[in-house]
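Report on the structure given below.
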Amino acid sequence: MSATSPSESAYSVEDRLVPVEGGQIKVRIVIPTTDDEAKTFPVHVWIHGGGFVFGDLDNDDYQLRKISVDQQIVTVNVDYRLAPEHPFPVGLTDSLTALKWVLENAASIRVDTSKGLIVGGDSAGGNLATSIGHLVRDDPFFEGRPVTGLLLREPSVINPAAYPDELKADLLAYDEYQNTPTLTRAGLLQTRAWLNAPPADPRYSPVLAPSHAGLAPAFIQYNEQDPLRDDARVLEKLIREAGGKVKSVFYPGVPHAFYYLAPSISLAQKVWRDTEEGLRWLLAGAP
């Protein structure tokens, strides 16, 4: 991503509280600045990563502000509650509630979902976005205002304890990359224990959903030296086989979340450029 920060005059930013079951969560809304105060925008609802146990609105704050200005899109960054204090499915229900809040409050944040309703996330956030993609497909709340795209970066979409026999030959990275610099087997086991999600629950392992037909188009980014690599590959395969639209970008020779640890290297910059390109593709209807 370019090192050039967007001018603070190019956008407005506001944190809002969203009521959820048992409490409230914060969302951060970035709206491009325009001379026409009546102008409305598509919206990009983003869910941060962090293994369901850490991370917050600051994970991707700068990048989301830049995306909002570059793409002329409202971004809504979701600060869902974390495990172990809030185990599965709290993060999922919080994120889905935030998405519904966006639709219910679209006018007040200058959103027109007919121009685009993109749900995206990184790692654990990619898991939540993928699960939401399946849930909204069958939810009458979204009738007439569907999610139009999924932006999935290094998504975790199946627990290894629930690998079905027919996919085991395609899911090798979890064993190949047990001790990478950024994600280890021990770390994954610990965060999954804190989350306490049933491994085969399709809301947590959306690869196991009964059907992948009818999903919004998906843009997927994933890394070679990542135990989650094959999650992305299998998800892409299943969406294609179900007749869906999907596009992916693969980053060779790098581990999970490398672009957070080394944001200035050229491949990390490419990740963010590709994220913006994927967003453009989704907003154009995934041609």
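Here the sequence shown is numbered in the numbering used here, starting from 444 and rising by one per residue. For glycine and all other residues, C-beta sits at the position ideal for the given N, C-alpha and C.
Among Ala572, Glu547, Arg508 and Asn639, which has the Cα closest to the Cα of Tyr523?
-> Ala572
Sub-8 Å separation of Asp717 and Asp673 beta-carbons | no
Compute the beta-carbon to beta-carbon distance between Thr591 and Ile561, rounded to the nearest angstrom, for a pair I have assumed lies under 8 Å.
-> 7 Å
Cα-Cα separation, Val470 to Leu595 = 19 Å
Could you give the distance in angstroms between the alpha-carbon of Gly569 and the alpha-carbon of Pro532?
-> 15 Å
Determine the burial state of Gln746: buried for a count of at least 16 other Cβ atoms within 10 Å of its Cβ, exposed for fewer.
-> There is simply no residue 746 to check, as the chain begins at 444 and stops at 730 in what is shown.
For Phe484, which of helix, strand or coil comes out of DSSP?
-> strand
Check whether the Cβ atoms of Pro603 and Tyr617 sit closer than 8 Å, and answer yes or no.
-> yes
Every unbroken beta strand (DSSP E) inside the segment 544 to 591 [3 residues or more] = 560 to 565
Measure the alpha-carbon distance for Val456 versus Val473 and round it to whole angstroms.
-> 5 Å
Rounded to whole angstroms, what's the CA-CA distance from Val650 to Val600? Just pull it up for me.
-> 6 Å
Output yes or no for whether 8 Å exceeds the beta carbon distance between Thr623 and Pro698.
-> yes
Under 8 Å between C-beta atoms of Val677 and Leu610 = yes
Per-residue DSSP class, three states only, for Asp673 | helix
Simplified DSSP state of Phe693, which is helix, strand or coil = strand
Among Ile682, Glu597 and Leu542, which residue has its Cα nearest to the Cα of Pro671?
-> Before going further, note that residue 671 is Leu rather than Pro in the sequence given. Out of Ile682, Glu597 and Leu542, Glu597 has the C-alpha closest to the C-alpha of Leu671.
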